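>
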Amino acid sequence: MARDGIGKLTVEGVAREAGVARATVYRTFPGGRDELVDAAVAWAVGEFFTGLAQDIGPVDGVATLLERGLMAGRRRLAQHEVLQHALQVEADAVVPALAPVMPKVLDELRSGLADRLREENLRPGVDPAEAADILARLVLSLIGTPGCWDLDDPAAVRALVRDHLLAGVLANPGQ
Amino acid sequence: MPGAAEALTEALGDGWADGYRGAAELERPLMDAVRRCVVRWGLRKTTLEDIAREAGVGRATVYRAFPGGKERLADAVLCHEVVRLFEQCDLALAAADTLDELVVTGVSAALGVMTEDEVVRSILTHEPELVLPRFAFHQLDRFLDVAAALCRPHLSRFLPEAAVRPASDLLARLVLSFGFRPPDWFDARDPDAIHRLVRTYALPAINPPEVSPS
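First to last, the protein sequences are chains U and P. With our numbering, the residue at position 137 of the first sequence is 137, and numbering never jumps. With our numbering, the residue at position 26 of the second sequence is 201, and numbering never jumps.
#1: Which same chain residues, not among the five before or five after V213/P, have their C-beta less than 8 Å away from its C-beta?
#2: Between which two residues does the alpha helix (DSSP H) containing P128/U stretch?
#3: Output yes or no for whether 8 Å exceeds the beta carbon distance between T10/U and R33/U.
#4: For R364/P, decide whether its Cβ has a neighbour in chain U, counting only Cβ atoms nearer than 8 Å.
#5: DSSP puts L170/U in a beta bridge; with which residues?
#6: From the beta carbon of R137/U, is the nearest beta carbon of chain P less than 8 Å away?
#7: Which residues in the same chain as R68/U place their Cβ atom closer than 7 Å to its Cβ, once the five residues preceding and following it in sequence are excluded?
#8: Compare the beta carbon distance of P357/P and P96/U with 8 Å and say whether it is the shorter of the two.
#9: Residues in the stretch 315-328 of chain P with C-beta within 7 Å of chain U's C-beta atoms, listed in sequence order?
#10: Hey, is L65/U's beta-carbon within less than 8 Å of any beta-carbon in chain P?
#11: According to a CB-to-CB cut-off of less than 8 Å, which residues of the stretch 295-309 of chain P neighbour chain U?
#12: What are the complete beta strand (DSSP E) segments, minimum 3 residues, inside the stretch 45-107 of chain U?
#13: I want to see whether chain U comes within less than 8 Å of A415/P, judged by CB atoms only; does it?
#14: Could you spell out where the alpha helix (DSSP H) holding D359/P opens and where it closes?
#15: CA-CA distance, V169/U and L266/P?
#16: Are V278/P and A368/P touching if we call contact CB-CB under 8 Å?
#17: Is it buried or exposed, V89/U, if we count other Cβ atoms within 10 angstroms and call 16 or more buried?
#18: Compare the C-beta of I134/U against all C-beta atoms of chain P and say whether one is closer than 8 Å.
#19: Measure from the alpha carbon of H313/P to the alpha carbon of each residue in N172/U, L165/U, V94/U and I134/U, then state which is nearest.
#20: Output the boundary residues of the alpha helix (DSSP H) element that contains C148/U.
#21: With H, G and I counted as helix, E and B as strand and the rest as coil, what does DSSP make of G287/P?
#22: Could you check what DSSP says for P379/P in three-state terms: helix, strand or coil?
#23: Can you check whether the CB of L319/P is closer than 8 Å to the CB of D344/P?
#24: So what does DSSP say about F333/P, is it helix, strand or coil?
#25: Hey, is the stretch 330-350 of chain P in contact with the stretch 141-150 of chain U, meaning 3+ C-beta pairs nearer than 8 Å?
#26: Taking Cβ-Cβ distances shorter than 8 Å, what residues in chain U pair up with R348/P?
#27: Comparing alpha-carbon positions, which option in W360/P, P366/P, P308/P and N382/P lies nearest A338/P?
#28: Does the stretch 42-54 of chain U come close enough to the stretch 73-87 of chain U to have 3 or more Cβ pairs within less than 8 Å?
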C-alpha cells in the first residue's frame, strides 16, 4: 500500500509481497480486496493513534491534554509518509476507506475525554458526555485540517484550546 | 452585501474546480434537473445527457454549464447546495439582532440541509465516497474558505475582525460533523436542541471574552 497506493492494492500483490499463496490471503480476508483495504486502513489508523497516545504521555488536566494532542497529532500526520503520499495522490480512495474506522476512533476519544471532563470544574449546564463529543469531533477535524489555526505554534494552540475549544466547557479554561 | 454566488466566486478566485465555480451561476431549471436526476439515479450514474433530457435543453447548454464534465458534477451539486443554503437564509441572517440569533439561524438552516434535503441525504446515504473527500484533510481547506466568505458579512456585524475567521472555521467544522454523523444526544429537527447547542457550546467557543467587543 505504501509503495503502490490503495488504488492498486490487490490480493495477488499482497500474496506475492508476503510470499504466500493467494488462498492464504483469501482465508485471512474472505471478502477479498475490499476487506484487505479496510483491514490495512484500520491497522494504520490504530497505529497512528497508539503512537499519538505515546507522544502525548501522561497529562494532568484536559486543557494540556488537548494542547499536546493537537500539536503531536498534527506533527505525526505531517511526518506520516505513507498517509501524506496517499492523501496527495489518492485522497478520493483514502477518505472513504477511513469512513468506517473513524466512528470507532471518535468513540474512544470522546469516552476518554468525557472521563477527563468529569474530573474538571465545568460551566453550569455543560454535560461532560456532550462536551466530550463536540471536543473529539473538533480535535479530529483540526488534526486533519488545521485551517486558520497554526498547530505548530504552542501559543496559538494554547489560545485555540483555552479561548475557544474549552471556553464554553470549563469554568476556568485559562488555568 | 454581495450575494452568496458572488462571495463564493470571489472566495474561489484561484478556481476551486471548474464545475464548482460554474454552478454558482447556474440557472435554477438546470440545477433542478440535476437534483431530480441525482435523486433518481444517483450521482455516479447521472450523465450530462440525462441532465439535458431532464431539463429539456440541448446537450451543448449542459456541457457549457458543466465545463468540468461529469467528473465535476459532485462539486457542482455541492456548490449549488451551499449557495442555495445561504441564499435561502440570507434575509434571516441579515435580520438577526444578536450573535445568538444569527448562529442559531445559520446552524439550523445548515443542519436542515444536511439532514433533510433530499439530494444531500441521497448522496450521503448511497454515495458518500463521492463527496466525503471534499470535506477532509487538505480539501476541507477550500470549504472552510467558502464558509468564511459566506459567513463573513454576517459574523462581522457582531464580532471583531480577528474573531471572524476563527468563528466561521469552528462553526463550519461543527455543522459538517453533526450533519455527516449526527450524535445520538442531539436532534437537529428540535429547535430547543439547536438553541442549547449554540448557547452552551458554540457561542462561548466563537466569542471568547478576550476578543469580544467591549
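Every residue gets a Cβ at the ideal spot worked out from N, C-alpha and C, and that includes glycine. For clarity, every value in this text was computed on a predicted model and none was experimentally measured.
Checking against the coordinates, here is how it stands:
#1: Same-chain partners within the cutoff: T221, V252, V294, S297 and I298.
#2: Here the alpha helix (DSSP H) through P128/U covers P128 to G144.
#3: Between T10/U and R33/U, the gap from beta carbon to beta carbon is short of 8 Å.
#4: Residue-level contact by beta carbon fails for R364/P and chain U, as no gap is shorter than 8 Å.
#5: Assignment of beta-bridge partners to L170/U by DSSP yields L122/U.
#6: The Cβ of R137/U sits closer than 8 Å to at least one Cβ of chain P.
#7: Here R68/U has I56 and V59 as same chain residues with Cβ atoms under 7 Å from its own Cβ, once five neighbours each way along the sequence are excluded.
#8: No, they are not a contact pair.
#9: Against chain U - using a Cβ distance shorter than 7 Å - the residues of the stretch 315-328 of chain P are L315, D316 and L319.
#10: Not one chain P Cβ lies under 8 Å of L65/U.
#11: Shown in chain order are the members of the stretch 295-309 of chain P whose Cβ falls below 8 Å from a Cβ of chain U: P303, E304, L307 and P308.
#12: Entirely contained in the stretch 45-107 of chain U, not one beta strand (DSSP E) run reaches 3 residues.
#13: No answer is possible for residue 415/P: it lies beyond the span of chain P, which begins at 176 and ends at 389.
#14: Unbroken run through D359/P: none, as it is neither H nor E.
#15: Going by the C-alpha atoms only, they are around 32 Å apart.
#16: In this structure, A368/P does not lie closer than 8 Å to V278/P by Cβ.
#17: That one is exposed.
#18: I134/U counts as touching chain P.
#19: For H313/P, the nearest C-alpha among the options comes from V94/U.
#20: Premise fails: C148/U is in no alpha helix (DSSP H) and is neither H nor E.
#21: If DSSP states are grouped into helix, strand and coil, G287/P belongs with the helices.
#22: For P379/P, the secondary structure class from DSSP, reduced to helix, strand or coil, is helix.
#23: In this structure, D344/P lies near L319/P, with their beta-carbon atoms less than 8 Å apart.
#24: The answer is coil: DSSP assigns F333/P none of H, G, I, E or B.
#25: Touching, yes, given that three or more Cβ pairs across the two stretches are closer than 8 Å.
#26: Correct list: R137, L138, S141, L142 and G147.
#27: Cα-wise, what sits closest to A338/P is N382/P.
#28: In short, these stretches touch, since the Cβ pair count reaches three.
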